[in-house]
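A.B. asks: The structure's right below; bear with me while I get my questions together.
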Amino acid sequence: MNPTVTPRGLICSLALVPNPENRGLYLGLESLIAHLQSAVEGLLLDPMFWCPDASNCGPVSSSLLEEIITLVPSGLPLWVRITGTSAEQTIHICRQLETVCRHLNYQGPLAWVDTPLFYHSNRGLPEHYHNLLADTEFNLIADNDPLLIRKLGNKTKRKNIRTAVLKKLIQEPRLAGLVHRGDLGRGMNYQRAVRSQPNFLVYDGGERSFLERPSASGVVSVGANLLPQEWRTITLSSLNLDDSYPEQAGRFRHLWESGQLVRTLQKYYDHAPARIIPAVLAAWKLVQKNGHPLTAEDQKAIERILEHVPEP
31 MNPTVTPRGL ICSLALVPNP ENRGLYLGLE SLIAHLQSAV EGLLLDPMFW CPDASNCGPV
91 SSSLLEEIIT LVPSGLPLWV RITGTSAEQT IHICRQLETV CRHLNYQGPL AWVDTPLFYH
151 SNRGLPEHYH NLLADTEFNL IADNDPLLIR KLGNKTKRKN IRTAVLKKLI QEPRLAGLVH
211 RGDLGRGMNY QRAVRSQPNF LVYDGGERSF LERPSASGVV SVGANLLPQE WRTITLSSLN
271 LDDSYPEQAG RFRHLWESGQ LVRTLQKYYD HAPARIIPAV LAAWKLVQKN GHPLTAEDQK
331 AIERILEHVP EP
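Numbering (the working numbering), first residue to last: 31 to 342.
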């Protein structure tokens, strides 16, 4: 397992703003990556989150991955969602994107990200992941997202990976980590389940959970698109990795100010981050406007965010 693909710290789910004039293309990738690269430990490509209609959203395309690979600084971990609507489609997506990496002679650090319960039950999941990983040279990060499955997945399936199943999954050498988006109690159960594998990291996928009780691994954040340095400050401090302020009072003041701003903005965008965050980035001219409709509540939230942070 290549440990550099699962660093402790801040992973940003890169804001993918669809180009309304050309399906499959995204706006402002170069400027946004430049805005983020000094603050984050890795980037996640997740069209399923950022697509206006996630139920009708395609996977990461070959062209998007190729463009991102040319833009991401050497050595910065890249996580790429491969979740399809079935086990067969997910394996197909993985192989297709693997071909892109081989064509570009790109060797990472890269990991595939998958929400298996979106298309698969807990039963037989270890066997499915064994088959998926048989034909790829990259590691895999599982994503436990009960809210996504409740909204879009098969309503008859369990919404969470069972702890007993996770204990079997971590025996797969190239399953490198888990992103958990759910209740704290289950997250703690997952942490206990993976203790036998010290290199297996469990990341917080929920910003609120991380701010209230951070994991020992890090967080996957959408709000870091807006406040990368502030999110970095909070994450490093939470993981006891921050030594940038030798003077204790200055460190605490900076941490408190960063935390207040992060929590304030998170409160405003939390009801619709996939609409609000791109609109704020467009107001900052980091990306172009995509023309997606906004509600009155969205507009008010955007105005409040811009009052607090008028420019990046």
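By construction, the Cβ of each residue, glycine as well, lies at the ideal position given by its N, Cα and C atoms.
Between which two residues does the beta strand (DSSP E) carrying S43 extend?
C.D. replies: One-based indexing of the sequence shown puts residue 43 at position 13. G39 to S43 is the span of the beta strand (DSSP E), which, as asked, contains S43.
A.B. asks: Is it buried or exposed for W142, if we count other Cβ within 10 angstroms and need 16 for buried?
C.D. replies: As a position in the sequence shown, residue 142 is number 112, starting the count at 1. The residue is buried, with at least 16 neighbouring Cβ atoms inside 10 Å.
A.B. asks: Just the Cα atoms here: how many angstroms apart are N270 and H133?
C.D. replies: Taking the first residue of the sequence shown as position 1, residue 270 is located at position 240. Taking the first residue of the sequence shown as position 1, residue 133 is located at position 103. About 40 Å.
A.B. asks: Output the distance between the C-alpha atoms of L214 and S239, rounded to the nearest integer angstrom.
C.D. replies: Position 184 of the sequence shown, counted from the start, is the residue given in the question as residue 214. Position 209 of the sequence shown, counted from the start, is the residue given in the question as residue 239. About 7 Å.
A.B. asks: Using 8 Å as the Cβ pair cut-off and three pairs as the minimum, do the stretch 291 to 306 and the stretch 99 to 108 touch?
C.D. replies: The answer is no - the stretch 99 to 108 does not touch the stretch 291 to 306, with fewer than three Cβ pairs under 8 Å.
A.B. asks: Indicate the three-state DSSP secondary structure (helix, strand or coil) for Y299 in the structure shown.
C.D. replies: Here residue 299 refers to the residue found at position 269 of the sequence shown. Helix.
A.B. asks: Three-state secondary structure (DSSP) at I335?
C.D. replies: Numbered from its first residue, the sequence shown carries residue 335 at position 305. Looking at I335 - three-state DSSP - the assignment turns out to be helix.
A.B. asks: Among the candidates T34, A172, G236 and L316, whose CA atom is the shortest distance from the CA of G212?
C.D. replies: Here residue 212 refers to the residue found at position 182 when the sequence shown is read from its first residue. The shortest Cα separation from G212 among T34, A172, G236 and L316 belongs to G236.
A.B. asks: Given 6 Å as the limit, tell me if L57 has its C-beta closer than that to any heavy atom belonging to the ligand ATP.
C.D. replies: By its list of ligands, the structure shown contains no ligand whatsoever, and the ligand ATP lies outside what it can speak to.
A.B. asks: Verify whether the separation of the beta carbon atoms of G248 and Q296 is less than 7 Å.
C.D. replies: Within the sequence shown, the letter at position 218 stands for residue 248. Within the sequence shown, the letter at position 266 stands for residue 296. Not a contact, by the Cβ cut-off of 7 Å.
A.B. asks: Give a yes or no on whether the C-beta atoms belonging to N255 and I306 are separated by under 7 Å.
C.D. replies: Here residue 255 refers to the residue found at position 225 when the sequence shown is read from its first residue. Here residue 306 refers to the residue found at position 276 when the sequence shown is read from its first residue. Against a cut-off of 7 Å, the Cβ pair of I306 and N255 comes out as no contact.
A.B. asks: Can you name the residues that DSSP bridges to I171?
C.D. replies: Here residue 171 corresponds to residue number 141 of the sequence shown, with the count starting at 1. Answer is V143 and G207.
A.B. asks: Within a Cβ cutoff of 7 Å, which residues of the same chain sit near L99, ignoring the five residues on either side of it in sequence?
C.D. replies: Working through the sequence shown from its first residue, we reach residue 99 at position 69. According to the sequence provided, residue 99 is Ile. The question's Leu does not apply to it. Around I99: L134 and Y136.
A.B. asks: Which residue marks the beginning of the alpha helix (DSSP H) containing S268, and which one marks its end?
C.D. replies: For the purposes of this step, residue 268 is identified with residue 238 of the sequence shown, where counting begins at 1. Segment P258 to S268, the alpha helix (DSSP H) holding S268.
A.B. asks: Exposed or buried, L177, counting other C-beta atoms within 10 Å across all chains shown (16 or more means buried)?
C.D. replies: As a working note, residue 177 is residue 147 in the sequence shown. The residue is exposed, with fewer than 16 neighbouring Cβ atoms inside 10 Å.
A.B. asks: Buried or exposed: which applies to S48, given that a residue is buried once 16 or more other Cβ atoms fall within 10 Å of its Cβ?
C.D. replies: Along the sequence shown, read from residue 1 onward, the residue named residue 48 stands at position 18. The amino acid occupying residue 48 in the given sequence is Pro; Ser does not appear at that position. Answer is buried; the Cβ neighbour count reaches 16.
A.B. asks: Can you list, in chain order, the residues of its chain with a C-beta nearer than 7 Å to that of T34? Leave out the 5 residues immediately preceding and following it.
C.D. replies: Sequence index remark: in the sequence shown, residue 34 carries index 4 (1-based). If we look at T34 and ignore the five residues flanking it on each side, its Cβ neighbours are P107 and P139.
A.B. asks: Between which two residues does the alpha helix (DSSP H) harbouring V232 extend?
C.D. replies: Translated into positions along the sequence shown, residue 232 becomes position 202. Counting along the chain, V232 falls outside any alpha helix (DSSP H), though it belongs to the beta strand (DSSP E) covering L231 to D234.
A.B. asks: Is Y136 helix, strand or coil when you go by DSSP?
C.D. replies: Along the sequence shown, one-based indexing puts residue 136 at 106. Three-state result, Y136: coil.
A.B. asks: Among the residues of its own chain, which have a CB less than 7 Å from the CB of K319, if the five just before and after it don't count?
C.D. replies: Numbered from its first residue, the sequence shown carries residue 319 at position 289. Closer than 7 Å at Cβ, skipping near neighbours: A312.
A.B. asks: If you pair each beta-carbon of the stretch 112 to 125 with each one of the stretch 142 to 154, do three or more pairs fall below 8 Å?
C.D. replies: Segments in contact, yes.
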